[in-house]
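Residue numbers (my numbering): 16 to 61.
Glycine is no exception: its CB is placed at the ideal position from the N, C-alpha and C atoms.
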Amino acid sequence: MSTFIQLTINGLASGAILALAALGFVLIFKATGVINFAQGEFLLVG
């Protein structure tokens, strides 16, 4: 049961990071009309 809880928390943390990256893409695209591909590189490096 402990492993299940740990995997669930890890999945939620990974999902939150991806959700923040997606939100950043959407905000920049809506504000400027240009897709910023450099953001993906920061996510990959970070």
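Which residues bound the alpha helix (DSSP H) around residue i?
| i | result |
| --- | --- |
| GLY39 | 17-47 |
| PHE52 | Note, PHE52: premise wrong, no alpha helix (DSSP H); not H, not E. |
Among the options, whose alpha-carbon lies nearest the alpha-carbon of residue i?
| i | options | result |
| --- | --- | --- |
| LEU59 | ALA46, SER29 and VAL41 | SER29 |
Residues in the same chain with beta-carbon distance under 6 Å from residue i, minus the five sequence neighbours each way, listed in chain order, please.
| i | result |
| --- | --- |
| ILE43 | ASN51 |
| GLY39 | GLN54 |
Report all residues from its chain with a CB closer than 8 Å to the CB of residue i; omit the five preceding and five following residues, and keep chain order.
| i | result |
| --- | --- |
| ILE32 | LEU58 |
At a cut-off of 7 Å, would you count residue i as near the ligand SAH, judging by its Cβ distance to the nearest heavy atom?
| i | result |
| --- | --- |
| ALA36 | Ligands in the displayed structure: none, and consequently the ligand SAH is not present. |
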